[in-house]
Amino acid sequence: MKPVILDVDTGLDDACALLLAARHPDLELLAVTCVGGNVGLDQVVVNTLTVLEAAGRPDVPVARGAATPLLQPVRAAPHVHGVDGLGNLDWPRSTRTTDPRHAVELLRDVLLEAARTGDKATLIPLAPMTNIALLLRTYPEAAAGLAEIVFMGGAAGIGNATASAEFNIWTDPEAAAIVLAAAGELGVPVTMYGLDVFYDVKITLDEARDLKGSPSADLARALIEKRSELYGAEGASIGDGGAVCAVIDPAGLTTQAFPLRVELSGSWSRGRTIVDTRDWTQDLSSDPYGAAPTVVQVATAVDARSYADLWL
Ligand code: BDR
Ligand code: CA
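In terms of the UniProt record's numbering, the sequence shown opens at residue 1 and continues consecutively.
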């Protein structure tokens with residue numbers, strides 16, 4: 001089993017990711033950490049506990065993390081996820097409590113233990129990377145327990161929060177820049193599961209209707225139905241869930257190594273991930289214009305059918 005940790009701002013598609021990570025037999029879900037993003041932190045926590053309960057996994061530790069991005073207020077996305085982040089579904093909300101540790105402390109403890117045993121964990125950030133930046137700045141030694149980071153965020157092409165920027169990176173660009181720089185310095189491999197593939201893994205309404213017979217299947221069906229209703233489409237993508245598919249089945253994802261930077265200023269481009277596809281920039285030893293960027297595996301295509309089947 002592959003040990004994984006999810007960092008989430010649950011969200012309808014984070015919920016799709018949590019269900020898969022909690023129930024897939026190839027994954028060992030060590031912990032889930034919460035951050036403000038799609039909705040405020042309190043709601044993210046309730047949603048996350050609710051989804052794990054539906055998945056039959058109340059044993060997974062869940063911790064509260066940062067409520068706001070490093071430098072700017074949180075800007076929720078009720079138009080994408082509903083006011084409560086789960087599309088105001090008629091679903092009983094969890095009243096469980098969280099792990100007493102802050103997300104950063106839980107991440108540190110789990111990763112140091114992974115380093116000690118040698119069974120390193122894959123970190124899957126599906127939200128603004130505030131918690132991860134705080135972790136790598138505060139406890140860089142925890143990186144010894146990281147096998148890799150596979151994050152949902154960014155885009156080589158167009159954005160969604162703005163024409164330039166994808167929501168998770170746009171919400172906390174400084175955090176993303178800190179994580180990329182730290183990963184480069186600490187030698188942690190990074191994969192960007194960005195908007196270039198994010199919308200491709202789709203579940204039809206017919207497929208969703210066949211999901212029934214257990215609380216997790218019922219919730220999975222409701223998530224897809226709600227997402228299709230909100231976006232006025234016949235079916236819906238599993239969004240963040242695709243990043244978990246990529247960890248279970250890396251062969252389904254086509255990636256290419258590119259230098260990656262995050263735009264931290266710019267009137268219309270703040271939060272953009274700048275994927276440097278110029279062929280002469282691959283030798284970074286002599287970057288003439290400042291610090292060499294971190295080289296990241298950027299997802300360029302996905303086997304959408306096989307990932308949809310995997311999720312189903
Ligand atoms: C990302 O933003 C959020 O709305 C989704 O949960 C996903 O993580 C897509 O841009
Ligand atoms: Ca998310």
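Note that CB positions come from ideal geometry on N, CA and C, so glycine has one too.
Closer than 6 angstroms by C-beta to residue i: which residues in its own chain qualify, once you throw out the five before and the five after it? Chain order, please.
i, result
"residue 253", "246, 299 and 302"
"residue 6", "21, 32 and 124"
"residue 91", "none"
"residue 272", "164, 165 and 263"
"residue 74", "36 and 68"
"residue 311", "20, 238 and 241"
"residue 197", "299 and 302"
"residue 66", "35, 130 and 131"
"residue 39", "76 and 85"
Are there 16 or more other CB atoms within 10 angstroms of the CB of residue i, so buried, or fewer, so exposed?
i, result
"residue 228", "buried"
"residue 231", "exposed"
"residue 166", "buried"
"residue 79", "exposed"
"residue 250", "exposed"
"residue 192", "buried"
"residue 173", "buried"
Relative to the C-alpha of residue i, which residue among the options is closest?
i, options, result
"residue 295", "188, 162 and 152", "188"
"residue 171", "1, 102, 251 and 70", "70"
"residue 111", "7, 127, 144 and 128", "144"
"residue 233", "62, 225 and 243", "225"
"residue 57", "24, 75, 2 and 160", "24"
"residue 59", "41, 28 and 127", "28"
"residue 150", "179, 276, 142 and 141", "179"
"residue 147", "126, 174 and 115", "115"
"residue 119", "250, 251, 3 and 274", "3"
"residue 99", "193, 128, 214 and 34", "34"
"residue 41", "297, 96 and 11", "11"
"residue 216", "17, 169 and 39", "17"
"residue 235", "209, 181, 77 and 72", "209"
"residue 44", "83, 195 and 108", "83"
"residue 266", "248, 207 and 162", "162"
"residue 63", "8, 15 and 160", "8"
"residue 137", "175, 270 and 14", "175"
"residue 15", "113, 55 and 275", "55"
"residue 307", "269, 268, 248 and 279", "248"
Between residue i and the rest of its own chain, which residues show a CB-CB distance below 7 angstroms, the 5 nearest in sequence each way excluded?
i, result
"residue 94", "46, 49, 50 and 53"
"residue 177", "262 and 264"
"residue 183", "149, 190 and 294"
So who's on the other strand from residue i, going by DSSP bridges?
i, result
"residue 34", "8 and 64"
"residue 203", "236"
"residue 215", "Answer is none; residue 215 lacks a bridge partner."
"residue 192", "151 and 298"
"residue 3", "28"
"residue 256", "298"
"residue 121", "146"
For chain C, find out if any of its Cβ atoms is closer than 8 angstroms to the Cβ of residue i; answer yes or no.
i, result
"residue 125", "The question asks about chain C, but that chain is absent: this structure has only one protein chain."
Keeping to the same chain, check which residues put their C-beta closer than 8 angstroms to that of residue i; ignore five residues upstream and five downstream.
i, result
"residue 243", "17, 124, 126, 150, 151, 152 and 193"
Decide if the segment 182-202 is in contact with the segment 87-96; the criterion is three or more beta carbon pairs, one per stretch, under 8 angstroms apart.
no
Do the segment 248-263 and the segment 219-236 make contact, defined as three or more Cβ pairs closer than 8 angstroms?
no
Tell me, please, whether the segment 138-158 touches the segment 199-207 by the rule of three or more beta-carbon pairs shorter than 8 angstroms.
no
Using 8 angstroms as the cut-off, can you tell me whether the segment 96-115 makes contact with the segment 126-139, which would need three or more C-beta pairs spanning the two stretches below that distance?
yes
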